[in-house]
Amino acid sequence: MAPVRLCVLGAGSWGTALAALASARSDALIWARDPELARIIDQQHINPRRLPDIVLPPALRATGDFDAALAHVLDGSDPQERLIVLGVPMAGLADVCLRIAQALPVRGPDAAPVHLLWTCKGITPDTHEWPHQIVAEALSGIAWLRTGVLSGPSFAREVAQGLPVALTVASRDPDTGRAAQAAFHGTQARIYGTRDVMGVEVGGALKNVMAIACGISDGLRLGTNARAALITRGLAEIQRLGVALGGQADTFVGLTGLGDLVLTATGELSRNRQVGVAIGQGRTLDDILAGGMTAEGVRCARAAQALGRQHGLDLPITDAVCDVLFGGVAPPRAVAALLARDPRDE
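So the sequence shown is residues -19 to -1, 1 to 327, counted in mature numbering (1 follows the signal peptide of the UniProt record, and there is no 0).
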């Protein structure tokens, strides 16, 4: 595959890891909001805030200039694929999309396509919007901009360390999937394609809620049997909501469904699981959040619950997590309530 002109907007753990991965075969530039962090990444090849003990590839360059990062992708007339990756969390997605919309140059409708991928996972707590809806609101009407989501079971630290990973890119434009494969596939990564944007986003968001549930179970020392049951029934719950929202059932037994759920519910690096474990051990959510730990599952649990009720769906694990996080229900009582539910066929 031909090399790709690529910029990653956002120098968090995942943005840094993806930029490092892409630099093995693409002309990769990462943008950091803090110019000093950009200088350190560019000159010292480390991200001291997010991945301080990992040496980044010398080929990876960094900038603190937002316009320069976009120009790296948009300028020039060479025939390379052009790819913008949004490595920002859900809370920062709308802001960076608006900045892109304001900075994009005027190009004719026949201009060569530029591909844009987001990597965040979640649902906005108040409006219940999905990432693709936020991107569409800010960037709709730009005919030459093709969009998609990159997701799957991945801890940023392992990717930055050069360990193997398999991811999925979901886009309605097959060329966007091919651009992602050209940028990332074939070094330490395998990139699979799908058109099911909704299914991929639902899997990425709700697996965080289920990981909190599994963490609570582990914090209570309920054993591996309980964890396996939560993962299995949690997957059924994710699929139920995803199909109701227009996702494809098969998506949820793939990398962005089952794969991401198993990783996040069992991996020691999972922040959502860590939050659950701390709650199961008796700490309060306010205490955990005050200590600086963040987890997307906390932000999207209520939104997932509301969407389930809107569609008349039974989401008992999501309900139990919300009861514990926001309703003052003690974790043992929430577990007892789940076990006391009426029997049913699987």
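Ideal placement from N, C-alpha and C gives every residue a C-beta, glycine not left out.
Residue pairing of I11 in beta bridges, as defined by DSSP: V(-12) and A43.
Contact between H26 and P16 does not hold, since the beta-carbon distance rounds to 17 Å and is not under 8 Å. Here S58 is exposed, its C-beta having fewer than 16 other C-beta atoms within 10 Å. Pairing A225 with H292, the inter-Cα distance amounts to about 7 Å. In this chain, the beta strand (DSSP E) harbouring G129 covers L126 to S132.
Of the candidates V181, E182 and R159, R159 places its Cα closest to the Cα of R171.
DSSP places A3 in the uninterrupted alpha helix (DSSP H) bounded by S(-7) to A3.
Short of 8 Å from the beta carbon of Q286, and not among the five residues preceding or following it, lie these beta carbons of its own chain, in chain order: L296, T299, D300 and C303. Counting C-beta pairs closer than 8 Å gives three or more between the region 145 to 162 and the region 177 to 187, which meets the contact rule. With a threshold of 16 other beta carbon atoms within 10 Å, T157 meets it and is buried. Under the three-state reduction of DSSP output, G278 falls in the helix class.
For H113, the closest alpha carbon among the candidates L211, G133, Q262 and C78 is that of C78. Sixteen is the threshold: when 16 or more other Cβ atoms of the shown chains lie within 10 Å of the Cβ of T44, as they do, the residue is buried. Every alpha helix (DSSP H) of 4 residues or more that sits fully in the region 256 to 303 is shown, in chain order, as 266 to 271 and 277 to 291. By the C-beta density criterion, R6 is buried, having at least 16 other C-beta atoms within 10 angstroms. By the Cβ-count criterion, P145 is exposed, with fewer than 16 other Cβ atoms from all chains shown falling within 10 Å of its own Cβ.
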